[in-house]
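First up is the structure itself, then whatever we jot down about it.
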Amino acid sequence: MNTPVSEERSATATEKVVDPDAGINVKPSQRRHHTPVELTPQANAKTVGTATVDDPIMSARDVDVFYGDKHAIKKVTLDIGRNQVIAMIGPSGCGKSTFLRCLNRMNDTVEGARVEGSITLDGADIYEKRQDVVQLRARVGMVFQKPNPFPKSIYENVAYGPRIHGLAADRVELDEIVQTSLQRAGLWEEVKDRLPHPGTGLSGGQQQRLCIARTIAVNPEIILMDEPCSALDPIATARIEDLIDELRASYAICIVTHSMQQAARVSQRTAYFHLGDLIEVGETDRIFTNPRHKLTEDYITGRFG
Ligand SMILES: Nc1ncnc2c1ncn2[C@@H]1O[C@H](COP(=O)(O)OP(=O)(O)OP(=O)(O)O)[C@@H](O)[C@H]1O
Ligand SMILES: [Mg+2]
């Protein structure tokens, strides 16, 4: 189950998927000449492209997720690279959020959810019994669709995590962490004179940056973002996108988005999901200019979803 998929193996597998009956065209030159064949479930189960990276920070292997009888994620193998952004795209209900939640065990909190397969962070199995889930969620932080600051002050929103994780020896250190985190989240200048004010009093875009500051404050290695801009206006969205680009110098970022423009702007790799299958993954430029799978092409050209 934990067999790593090497670059070589997956590239070879990709090369072999030239059977026109599979509805998959591999060669770029063939891209505009898809054979209009319905994909069989078997063909769907193959991921086109390179699912692995050199020196991944996180690796998912043959991951299945079930909600009761519902098979929401099907044998997904995918690496998350360091210092880069991977965008997860696909039609509503294809499993993007489900897969994202597997990466910091948020599905543990979902009634009836069952995760199978293996997910490792720096080589260690995150589903291992001894894994401290609170610790894991500090290392793999999450920013949600709707900004959700705690009903506390701006300062306390950021200080809370470092305090419970014992990251600051004293108040001076805690102040420093709060300031640095707010600076890195691009919010410091706007809030430095109102730190005792409630976080919920900020604008939506500011609240989302506050949530990013809160995530950063506990020194994560990975930041998961599930449609972080969908509740924001275009200006606030642009600020978050700029921020994502800056943050990848320090963190790996996985972002779920319904905006193809956003995926193209912020990510270096893109993964396309469809009905629980990881259909295609590769460099973002390549996915958007030269998708190899018909389902990916249909989605990014707006014919589907
Ligand atoms: N708690 C749950 N219980 C049962 N089924 C669920 C649950 N959460 C998600 N599902 C189902 O799992 C599948 C994947 O859902 P998921 O929320 O991961 O999709 P998504 O790609 O994030 O969709 P969207 O773009 O609409 O957010 C869907 O069929 C959904 O109905
Ligand atoms: Mg979702």
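Convert by adding 1082 to the 1-based position in the sequence shown; the result is the number in the numbering used here. Using N, Cα and C, we set each Cβ at its ideal position, and we do this for glycine too. These numbers come from a predicted model, not from an experiment.
Looking at the structure shown, is residue i part of a helix, part of a strand, or coil, going by DSSP?
i            : result
residue 1184 : helix
residue 1373 : coil
residue 1336 : strand
residue 1155 : strand
residue 1380 : helix
residue 1354 : strand
residue 1209 : coil
residue 1225 : strand
residue 1177 : coil
residue 1385 : coil
residue 1163 : coil
residue 1105 : Annotation note: pLDDT 32 at residue 1105 (below 50); position unreliable, no value reported.
residue 1197 : strand
residue 1130 : strand
residue 1368 : helix
residue 1115 : A caution first: residue 1115 carries a pLDDT of 37, below 50, which makes its placement in the model unreliable, though a value can still be read off. Residue 1115 falls in the coil class under three-state DSSP.
residue 1204 : coil
residue 1240 : helix
residue 1136 : coil
Specify, as a first and last residue, the run of the alpha helix (DSSP H) that residue i falls within.
i            : result
residue 1232 : Segment: none, residue 1232 is in no alpha helix (DSSP H) and carries neither H nor E.
residue 1216 : 1215-1221
residue 1037 : No statement about residue 1037 is possible, as the shown extent of the chain runs from 1083 to 1387 and does not include it.
Terminal residues of the continuous beta strand (DSSP E) containing residue i?
i            : result
residue 1190 : Note, residue 1190: premise wrong, no beta strand (DSSP E); not H, not E.
residue 1305 : 1304-1308
residue 1169 : 1167-1171
residue 1364 : 1359-1365
residue 1428 : There is simply no residue 1428 to check, as the chain begins at 1083 and stops at 1387 in what is shown.
Quick one, which of the options has its alpha-carbon nearest residue i's?
i            : options                : result
residue 1329 : 1308, 1268, 1132       : 1268
residue 1340 : 1169, 1139, 1137, 1161 : 1169
residue 1248 : 1217, 1143, 1211, 1228 : 1217
residue 1324 : 1148, 1177, 1156, 1266 : 1266
residue 1181 : 1194, 1193, 1160, 1165 : 1160
residue 1258 : 1332, 1319, 1300, 1129 : 1300
residue 1129 : 1155, 1293, 1137       : 1155
residue 1315 : 1285, 1327, 1333       : 1285
residue 1313 : 1279, 1243, 1287, 1291 : 1287
residue 1332 : 1320, 1319, 1305       : 1305
residue 1361 : 1172, 1207, 1143       : 1172
residue 1225 : 1133, 1236, 1131, 1294 : 1294
residue 1195 : 1204, 1152, 1213       : 1152
residue 1134 : 1364, 1338, 1376       : 1364
residue 1176 : 1358, 1375, 1344, 1274 : 1358
residue 1131 : 1237, 1272, 1369       : 1369
residue 1355 : 1378, 1271, 1337       : 1378
residue 1136 : 1204, 1197, 1198, 1192 : 1204
residue 1303 : 1278, 1290, 1334, 1283 : 1334
Assuming residue i and residue j are in contact, meaning their beta carbons sit under 8 Å apart, how far apart are those beta carbons, in whole angstroms?
i            : j            : result
residue 1351 : residue 1163 : 7 Å
residue 1298 : residue 1310 : That belief does not hold up - the Cβ atoms of residue 1298 and residue 1310 are roughly 14 Å apart, past 8 Å.
residue 1158 : residue 1145 : 5 Å
residue 1308 : residue 1174 : In fact, because the Cβ distance is near 13 Å, the residues do not count as touching under 8 Å.
residue 1342 : residue 1317 : Actually they do not touch by this definition, with Cβ atoms about 20 Å apart.
residue 1190 : residue 1222 : Not quite, the Cβ-Cβ distance comes to about 13 Å (not below 8 Å), so this is no contact.
Any beta carbon from chain B within less than 9 Å of residue i's own beta carbon?
i            : result
residue 1273 : Note that chain B does not occur in the displayed structure, where there is just one protein chain.
At which residue ranges does the stretch 1247-1333 contain complete beta strand (DSSP E) runs of 3 or more residues, listed in the order of the chain? 1304-1308
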